[in-house]
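*Asks:*
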Amino acid sequence: MTTPDGTPIDVLLVEDDPGDELMTREAFEDNKIGNTLHVVRDGEEALDFLYRRGDHTGAPRPDLILLDLNLPKYDGRQVLERIKSDQDLADIPVVVLTTSAAEEDILRSYRLHANAYVTKPVDLDQFIAAVRQIDDFFVQVVRLPRRR
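Here the sequence shown is numbered in UniProt numbering, starting from 1 and rising by one per residue.
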């Protein structure tokens with residue numbers, strides 16, 4: 001699945017749980033999503049990817065970020081705050097994709113300007129369906145900013 005004009009997008013998954021990473025990869029494959037999934041495993045690596053530092057000097061600018069909240073080094077809230085306070089990154093849509101259903105986390109994420117908050121379903125089929133819906137919405141329904 002690509003944008004309406006046929007262009008695949010770059011998706012950055014910020015996820016420290018190998019099982020959740022695998023389920024996300026399966027969701028992309030199961031849905032025949034033609035988009036490129038880049039994975040980083042902690043908040044520091046996410047910022048290195050976004051700022052093209054260290055091992056990520058050649059990283060593409062992601063069109064969409066799927067962000068877990070509970071991460072080592074910098075947690076997802078800190079990463080989200082950094083993204084949305086940086087003029088060069090703030091227009092990248094960020095979907096918080098996390099196990100937390102706590103109202104405090106939901107409210108704080110939206111106050112930090114998350115574009116959506118999705119609680120990860122525990123069931124594999126429901127998880128795949130949720131990732132598919134995120135992709136459908138952000139790739140097929142909404143218009144993303146043009147790449148710079």
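Just so you know, even glycine gets a beta-carbon here, dropped at the ideal spot from N, CA and C.
#1: Near Leu-71, what residues of its chain come up, given a Cβ to Cβ distance below 6 Å and the 5 sequence neighbours on each side ignored?
#2: Alpha carbon to alpha carbon, what distance is there between Ile-92 and Met-1?
#3: Assuming Asn-35 and Val-139 form a contact by the criterion Cβ under 8 Å, report the distance between their Cβ atoms to the nearest whole angstrom.
#4: With distances taken between CB atoms, is the gap from Ala-27 to Val-131 smaller than 7 Å?
#5: Report back the beta-carbon spacing between Val-11 and Leu-89 to the nearest angstrom; my notes put them in contact at under 8 Å.
#6: How big is the Cα-Cα spacing for Val-141 and Leu-37?
#7: Which parts of the UniProt domain "Response regulatory" (10-135) are runs of the alpha helix (DSSP H), unbroken and 4 residues or longer, counting only runs that do not cross its ends?
*Replies:* By the coordinates alone:
#1: Asp-16, Asp-42 and Gly-43
#2: Unreliable positioning characterises Met-1 in this predicted model, as indicated by a pLDDT of 47, which lies under 50. The coordinate reading is nonetheless provided below. Spanning the two alpha carbons is a distance of roughly 19 Å.
#3: 7 Å
#4: yes
#5: Contact doesn't hold; Cβ gap of about 15 Å is too wide.
#6: 19 Å
#7: 18-30, 43-50, 76-85, 103-111 and 124-135
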